[in-house]
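Residue numbers (my numbering): 220 to 337.
All remarks here apply to the structure that follows.
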């Protein structure tokens, strides 16, 4: 699966952004999809994942971020509200290991930068 993330940018604390991840190459609807992020100097971490109607979130984003998908468009979204400076990172999407809620597999895209100013 090839993945292209978009929608990042610079936003003030408390603001919102909507990220998109366009997928191609395999049957998109067969995969659980997830969002991950990597802040400067830190390891990449799990943010959220979705499969059918099942969603799973990291504690740090619960109640603020919403993941969704449109299988007809082969796209997964991440709506981010009430953004905090600590949400600043490069955001990536990826497929999720079968049977897992948060383990990625496959190649990473280029990511999209999200910067939240205080």
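A virtual CB, placed ideally from N, CA and C, is assigned to each residue, including glycine.
Short of 7 Å in beta carbon distance, which residues of its chain neighbour residue i, apart from the five on each side in sequence? Order them along the chain.
| i | result |
| --- | --- |
| residue 327 | 311 and 313 |
| residue 276 | 267 and 284 |
| residue 338 | Nothing can be reported for residue 338: it is not among the residues displayed for the chain, which extend from 220 to 337. |
Between residue i and residue j, how many whole angstroms is the CB-CB distance? I'm expecting something under 8 Å.
| i | j | result |
| --- | --- | --- |
| residue 230 | residue 236 | 6 Å |
| residue 336 | residue 232 | 7 Å |
With distance defined between alpha-carbon atoms, name the residue in the options nearest to residue i.
| i | options | result |
| --- | --- | --- |
| residue 291 | 248, 324 and 272 | 248 |
| residue 261 | 307, 316 and 322 | 307 |
| residue 244 | 329, 303 and 294 | 294 |
With a threshold of 8 Å between beta-carbons, can residue i be considered close to chain D, or not?
| i | result |
| --- | --- |
| residue 247 | In the displayed structure, chain D is absent; only one protein chain is listed. |
Could you name the residues of the same chain whose beta carbon sits closer than 6 Å to that of residue i, not counting the 5 residues immediately before and after it, in chain order?
| i | result |
| --- | --- |
| residue 298 | 237 and 285 |
Is it buried or exposed, residue i, if we count other Cβ atoms within 10 angstroms and call 16 or more buried?
| i | result |
| --- | --- |
| residue 265 | buried |
| residue 305 | exposed |
Identify, in the order they occur along the chain, each residue of the same chain with its Cβ nearer than 8 Å to the Cβ of residue i, setting aside the five sequence neighbours on each side.
| i | result |
| --- | --- |
| residue 255 | 263, 264, 265, 266, 310, 311, 312, 313 and 323 |
Would you list the residues sitting across from residue i in a DSSP beta bridge?
| i | result |
| --- | --- |
| residue 221 | 243 |
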